Amino acid sequence: MKFPPSLGRLAVLCVACALAAGLPGLAGAQRSSEPVTLNFVNADIEAVARTMAAISGRNIVVDPRVKGTITLSTDRPVAPAAAFNQFLATLRLSGFTVVEAGGLLKVVPEADAKLQGGAVSTGTPAAGNQIVTQIFRLNYESAGNLVPILRPLISPNNTINVNPGNNSLVITDYADNLQRLARIIAALDISNATDVEVIALRHALAADLAPIVQRLAESGGAAGPAAAGQGQADTSFRTTVIAENRSNALIVRAANSARLNLVRSLVEKLDQPGSQSPTGNIYVVYLKNADATKLAVTLRAALAATSTPGGASASGGSSAPAATAGSLAGSNPATAPTQASAQPSTGGQIQADPATNSLIITAAEPQYRQLRAVIDRLDARRAQVYVESLIAEVNADKAAEFGIQWQGPIGSNGDKNIGLLGTNFSIGGTNIITLAASQLGTVAPSTGLNFGIARNVNGIYMLGFLARFLQANGDGNILSTPNLLTLDNEEAKIVIGQNVPFVTGQYTNANSGTNGSVNPFQTVERKDVGITLRVKPQISENGTVKLQIFQEVSTVQASSINSATGLITNKRSIESSILVEDGGIVVLGGLLQDEYAGNQEKVPVLGDVPFFGNLFKSETRSRKKTNLMVFLRPVVIRDAAQSDALSLDRYDMMRSMQQDAQPNSSVAVPVNAAPVLPPASLPAAPPAPGAATSAPVTTPKVVPAPLGR
Numbered sequence: 021m022k023f024p025p026s027l028g029r030l031a032v033l034c035v036a037c038a039l040a041a042g043l044p045g046l047a048g049a050q051r052s053s054e055p056v057t058l059n060f061v062n063a064d065i066e067a068v069a070r071t072m073a074a075i076s077g078r079n080i081v082v083d084p085r086v087k088g089t090i091t092l093s094t095d096r097p098v099a100p101a102a103a104f105n106q107f108l109a110t111l112r113l114s115g116f117t118v119v120e121a122g123g124l125l126k127v128v129p130e131a132d133a134k135l136q137g138g139a140v141s142t143g144t145p146a147a148g149n150q151i152v153t154q155i156f157r158l159n160y161e162s163a164g165n166l167v168p169i170l171r172p173l174i175s176p177n178n179t180i181n182v183n184p185g186n187n188s189l190v191i192t193d194y195a196d197n198l199q200r201l202a203r204i205i206a207a208l209d210i211s212n213a214t215d216v217e218v219i220a221l222r223h224a225l226a227a228d229l230a231p232i233v234q235r236l237a238e239s240g241g242a243a244g245p246a247a248a249g250q251g252q253a254d255t256s257f258r259t260t261v262i263a264e265n266r267s268n269a270l271i272v273r274a275a276n277s278a279r280l281n282l283v284r285s286l287v288e289k290l291d292q293p294g295s296q297s298p299t300g301n302i303y304v305v306y307l308k309n310a311d312a313t314k315l316a317v318t319l320r321a322a323l324a325a326t327s328t329p330g331g332a333s334a335s336g337g338s339s340a341p342a343a344t345a346g347s348l349a350g351s352n353p354a355t356a357p358t359q360a361s362a363q364p365s366t367g368g369q370i371q372a373d374p375a376t377n378s379l380i381i382t383a384a385e386p387q388y389r390q391l392r393a394v395i396d397r398l399d400a401r402r403a404q405v406y407v408e409s410l411i412a413e414v415n416a417d418k419a420a421e422f423g424i425q426w427q428g429p430i431g432s433n434g435d436k437n438i439g440l441l442g443t444n445f446s447i448g449g450t451n452i453i454t455l456a457a458s459q460l461g462t463v464a465p466s467t468g469l470n471f472g473i474a475r476n477v478n479g480i481y482m483l484g485f486l487a488r489f490l491q492a493n494g495d496g497n498i499l500s501t502p503n504l505l506t507l508d509n510e511e512a513k514i515v516i517g518q519n520v521p522f523v524t525g526q527y528t529n530a531n532s533g534t535n536g537s538v539n540p541f542q543t544v545e546r547k548d549v550g551i552t553l554r555v556k557p558q559i560s561e562n563g564t565v566k567l568q569i570f571q572e573v574s575t576v577q578a579s580s581i582n583s584a585t586g587l588i589t590n591k592r593s594i595e596s597s598i599l600v601e602d603g604g605i606v607v608l609g610g611l612l613q614d615e616y617a618g619n620q621e622k623v624p625v626l627g628d629v630p631f632f633g634n635l636f637k638s639e640t641r642s643r644k645k646t647n648l649m650v651f652l653r654p655v656v657i658r659d660a661a662q663s664d665a666l667s668l669d670r671y672d673m674m675r676s677m678q679q680d681a682q683p684n685s686s687v688a689v690p691v692n693a694a695p696v697l698p699p700a701s702l703p704a705a706p707p708a709p710g711a712a713t714s715a716p717v718t719t720p721k722v723v724p725a726p727l728g729r
């Protein structure tokens, strides 16, 4: 503070006395708005803080962890604000700082300052030595790209964070350093690319010219400041050229004006009229996805619809596509070639070359432009559908049997006539008469618990009592999960089973020769028995999948294998058309069957007596429950990345199962390894020519787990 002239000499004397006494002091204790002269030598930080509180009129609290001494002096009187700022600078050199929280100033270690509060600002950073938090919102540059540049310029104890949501930086540091960072950010946050420009073409086709211009524009590497001095080019500065087929124009976004002028000059040189002839031009168009033979038929039909009825030149040539091996009558799918011989179609303006999967178009340039626009739309990558089917069947069979049979003579030994009294039931298994006639051994008793009593009659044991008890339970659980992958609107089929012979006829041919031999002959028809899934998907614009499905599960009944009447097959099939969302699970149908059967044989009157009537009856009961359900889930695969992810997931699943099925190590049986798929990582699909080369954006897609896993 500034002293009056009459008190100046006294003030200097007071400061000297205070320093001599080893106490922190000021050059007078005047009003806080007056200049002061500081003279602290190796003074305790807490004592200096109390003095600065008196000068600034603010409450200052010192953290207990703040220990040590500082030296703070001024050659001439300074304002209180300048004195306080010099105090902050001295603390900063000692590893401490001051933060403001709720009107209170706290002296804390620098490492903890970012957690103790402080001012938060979104405008221009204020000057000073206090730690504050500043938010910088960027307009052009990506906030993540600036972090490696700004991080070395910030104190190690302070932080810099990125908010990708609104492309902003949150930096906590000293106020004066934030001012410097603000100038750096303003210099870097500028538009490095030109505006989007549309270049209309007069002669060349945009789809043909875009890949060429893209490659030539980037042949020398990325342009702009990012490419110079950093060793690698940032993809955000590259030139992007996109073909706009509807208006036959190129959409260009360049890194700078020089690069844009280069693109303009390239387009001007390449957009030249082609050679014309009275008979028209011949163009060759190589297809990427479509089938050349089928597409040629479609284009001929489109030209025929716009020409005169007699215009054979537009639609001439064979319109039937090449026949596939599966459609040839009488051919065996197992031995027939995959596809019939590829022969080029002839006649007309549009011809197909199946060998190179290309179209040969003979037309004038305006007509070729129209055809090329149609070809580009039809020659798009078709989506695929991965169909998983689940057949779940649960069976439960229960049976219970109980029966008692009696047989015995009536009369005395030596009587001329004797009587027989007894019961004879057949539903409980082998009856007592059959067992007695076989003399207890030739015919085996029925299944279950059999209890009998035999008596000796003239040296022969006769069965006089037989009781039988039986209870049976049977459970079955069958799970099948066939799955297949097919193109959109293309039918696919998978068969997993056996090819079983069925006898359809037989006869014997008696040889009329001298030896009289007989030649038996049988006719056999082979049928597939197992699991069959045939599906044809159709994807709509909103992602819904329409499926035409045929699902069949068939088995050969075990009891009919050696039957004289032939084999019996059990078949469960579903044929339907459904709509289902992409990745959704739908139930196709099923069977819920509950069957009960009961039989009873008893002696009249005696069998109805409570409790004792069970001695004169035989009863069987059975119950059979069948639960069969068929589920299905289609998954649409629209690009190579999704196809690779799905294939790799199933590949790893099978490899893991093979590793779990390895045999135990054995010295006596030295076969200690089973086959295992090699580890595989499917490569990413390369970018298409002419595609935008900006920073790649990956859209993760969740690969569904198999239904039967």
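Residue numbers (the numbering used here): 21 to 729. Quick reminder that beta carbons are idealized off the backbone N, C-alpha and C, glycines included. Keep in mind the model is a prediction, meaning the values are calculated, not measured.
Taking C-alpha atoms, which residue in Val544, Ala694 and Leu111 lies nearest to Thr91?
By 1-based counting over the sequence shown, the position of residue 91 is 71. Put simply, of Val544, Ala694 and Leu111 the residue whose alpha carbon is nearest the alpha carbon of Thr91 is Leu111.
From the DSSP output, in three-state form, read off Ala67 for me.
In the sequence shown, residue 67 corresponds to position 47, counting from 1. Ala67 falls in the helix class under three-state DSSP.
State the beta-bridge partners of Lys591 as determined by DSSP.
For the purposes of this step, residue 591 is identified with residue 571 of the sequence shown, where counting begins at 1. For Lys591, DSSP records a beta bridge to Ser574.
Which ranges does the alpha helix (DSSP H) cover as unbroken runs of at least 4 residues, wholly within the segment 158 to 204, from first to last along the chain?
Secondary structure in the segment 158 to 204: the alpha helix (DSSP H) runs of 4 residues or longer, each lying completely within the stretch, are 163 to 170 in chain order.
Quick check: the Cα distance between Gly603 and Ile551, rounded to an integer number of angstroms?
If you number the sequence shown from 1, residue 603 lands on position 583. If you number the sequence shown from 1, residue 551 lands on position 531. Gly603 and Ile551 have their C-alpha atoms roughly 23 Å apart.
Alpha-carbon spacing of Val287 relative to Ala263, whole angstroms:
Taking the first residue of the sequence shown as position 1, residue 287 is located at position 267. Taking the first residue of the sequence shown as position 1, residue 263 is located at position 243. Going by the C-alpha atoms only, they are around 12 Å apart.
Thinking just about the alpha-carbon of each residue, which of Asn647, Asn186, Pro184 and Leu198 is nearest to the one in Ile174?
In the sequence shown, residue 174 corresponds to position 154, counting from 1. Here the closest residue by C-alpha is Leu198.
Whose CA, out of Ile210, Asn159 and Gln106, lies closest to the CA of Gly185?
Here the question's residue 185 lines up with position 165 in the sequence shown. Of the listed residues, the one whose Cα sits closest to Gly185 is Asn159.
Check each candidate in Ala660, Ser500 and Arg222 and name the one with the smallest Cα separation from Phe651.
Stepping through the sequence shown from its first residue, residue 651 is reached at position 631. Comparing Cα-Cα distances from Phe651 to each of Ala660, Ser500 and Arg222, the minimum goes to Ser500.
Is it buried or exposed, Ser579, if we count other Cβ atoms within 10 angstroms and call 16 or more buried?
Taking the sequence shown and counting its residues from 1, one reaches residue 579 at position 559. So Ser579 ends up on the exposed side.
According to the neighbour-count rule (16 or more other Cβ atoms, all chains shown, within 10 Å of its Cβ), is Asn268 buried or exposed?
Counting from one through the sequence shown, the residue named residue 268 turns up at place 248. Answer is buried; the Cβ neighbour count reaches 16.
Contact between the segment 373 to 389 and the segment 581 to 594 (3+ Cβ pairs under 8 Å)
The answer is no - the segment 581 to 594 does not touch the segment 373 to 389, with fewer than three Cβ pairs under 8 Å.
Residue range of the beta strand (DSSP E) that includes Lys644
Here residue 644 refers to the residue found at position 624 of the sequence shown. For Lys644, the enclosing beta strand (DSSP E) stretches over residues Lys637 to Ile657.
Identify which residue in Tyr406, Gln577, Asn503 and Val414 has its Cα closest to the Cα of Gln558.
For the purposes of this step, residue 558 is identified with residue 538 of the sequence shown, where counting begins at 1. Each of Tyr406, Gln577, Asn503 and Val414 was checked against the Cα of Gln558, and the nearest Cα belongs to Tyr406.
Which residues DSSP lists as bridging Glu615, in chain order
The residue labelled residue 615 in the question sits at position 595 within the sequence shown. DSSP, once it has assigned bridges, lists Lys644 as partnering Glu615.
By the DSSP assignment, the beta strand (DSSP E) with Lys126 in it spans what residues?
As a first step, residue 126 must be located in the sequence shown, where it is residue number 106. Taken as a continuous stretch (DSSP letters only), the beta strand (DSSP E) holding Lys126 covers Leu124 to Pro129.
Span of the beta strand (DSSP E) around Val372:
Here residue 372 corresponds to residue number 352 of the sequence shown, with the count starting at 1. This sequence places Ala at residue 372; Val is not what is there. Judged by DSSP secondary structure, Ala372 falls within the beta strand (DSSP E) whose first and last residues are Ile370 to Asp373.
What number of angstroms, rounded off, separates the C-alpha of Ala310 from the C-alpha of Asp399?
Within the sequence shown, the letter at position 290 stands for residue 310. Within the sequence shown, the letter at position 379 stands for residue 399. Cα to Cα, Ala310 sits roughly 5 Å from Asp399.
So does the segment 651 to 661 actually touch the segment 611 to 621, counting three or more Cβ pairs closer than 8 Å?
Fewer than three beta-carbon pairs drawn from the segment 651 to 661 and the segment 611 to 621 are found closer than 8 Å, and the two stretches are therefore not classed as touching.
Below 8 Å on the Cβ atoms is my contact criterion, and I expect Arg592 with Leu504 to pass it. Report the Cβ-Cβ distance as a whole number of Å.
Your numbering for residue 592 matches position 572 in the sequence shown. Your numbering for residue 504 matches position 484 in the sequence shown. At roughly 19 Å, the Cβ-Cβ gap does not stay under 8 Å, so Arg592 and Leu504 are not in contact.
Inspect the beta-carbon positions of Leu323 and Leu315 and report whether they are closer than 8 Å.
For the purposes of this step, residue 323 is taken as residue 303 along the sequence shown, with counting starting at 1. For the purposes of this step, residue 315 is taken as residue 295 along the sequence shown, with counting starting at 1. No, the Cβ-Cβ distance between Leu323 and Leu315 is not below 8 Å.
Burial state of Leu599, where buried means 16 or more other Cβ atoms lie within 10 Å
On the sequence shown, residue 599 is found 579 positions in, with the first residue counted as 1. By the 10 Å Cβ count, Leu599 comes out exposed.
On the DSSP bridge assignment, give the partners of Phe104 in chain order.
Mapped onto the sequence shown, residue 104 falls at position 84. The bridge partners DSSP lists for Phe104 come to none.
Run of the alpha helix (DSSP H) containing Ile232, from where it starts to where it stops
To locate residue 232, count along the sequence shown from 1; it is residue 212. Element bounds for Ile232: Ala226 to Ala237.
Length of the line joining the Cα atoms of Met673 and Gln568:
In the sequence shown, residue 673 corresponds to position 653, counting from 1. In the sequence shown, residue 568 corresponds to position 548, counting from 1. Met673 and Gln568 have their C-alpha atoms roughly 29 Å apart.
For Pro293 and Leu221, I'd like the C-alpha separation in whole angstroms.
Looking up residue 293 in the sequence shown gives position 273. Looking up residue 221 in the sequence shown gives position 201. Taking the straight line joining both Cα atoms gives about 11 Å.
Going by Cα to Cα distance, which pick from Ser409, Thr153, Val414 and Ala681 is closest to Val515?
In the sequence shown, the residue the question calls residue 515 occupies position 495. When C-alpha distances from Val515 are compared across Ser409, Thr153, Val414 and Ala681, the shortest belongs to Ser409.
Around the Cβ of Ile204, are there at least 16 other Cβ atoms within 10 angstroms (buried) or fewer (exposed)?
Position 184 of the sequence shown, counted from the start, is the residue given in the question as residue 204. The residue in question, Ile204, is exposed, as its Cβ has fewer than 16 Cβ neighbours within 10 Å.
Assign Pro698 to buried or exposed, taking buried as 16 or more other Cβ atoms, counted over all protein chains shown, within 10 Å of its Cβ.
The count along the sequence shown starts at 1 and reaches residue 698 at position 678. Under this definition Pro698 is an exposed residue.
Which partner residues of Arg546 appear in the DSSP bridge assignment?
Locating residue 546 in the sequence shown gives position 526, counting from the first residue. Within the DSSP secondary-structure output, Arg546 pairs in a beta bridge with Pro521.
Through-space distance from Glu54 to Glu66, alpha-carbon basis
What you label residue 66 is simply residue 46 of the sequence shown in a count that begins at 1. What you label residue 54 is simply residue 34 of the sequence shown in a count that begins at 1. CA-to-CA, the gap between Glu66 and Glu54 works out to about 23 Å.
Opening and closing residue of the beta strand (DSSP E) in which Ala220 lies:
By one-based count along the sequence shown, residue 220 stands at place 200. Boundaries of the beta strand (DSSP E) around Ala220: Glu217 to Ala220.
C-beta neighbour in chain C for Leu166, strict 8 Å:
The chain labelled as chain C is not found in the depicted structure, where only one protein chain is given.
Whole angstroms are fine: how far does the CA of Leu229 sit from the CA of Arg279?
The count along the sequence shown starts at 1 and reaches residue 279 at position 259. The count along the sequence shown starts at 1 and reaches residue 229 at position 209. About 17 Å.
Work out the CA separation of Gly164 and Ala103 for me, nearest whole Å.
Locating residue 103 in the sequence shown gives position 83, where the first residue counts as 1. Locating residue 164 in the sequence shown gives position 144, where the first residue counts as 1. Each residue's alpha carbon lies about 39 Å from the other.
Flag this pair as yes or no: are the beta carbons of Pro683 and Ala665 separated by less than 8 Å?
Within the sequence shown, the letter at position 663 stands for residue 683. Within the sequence shown, the letter at position 645 stands for residue 665. The answer is no: Cβ separation not under 8 Å.
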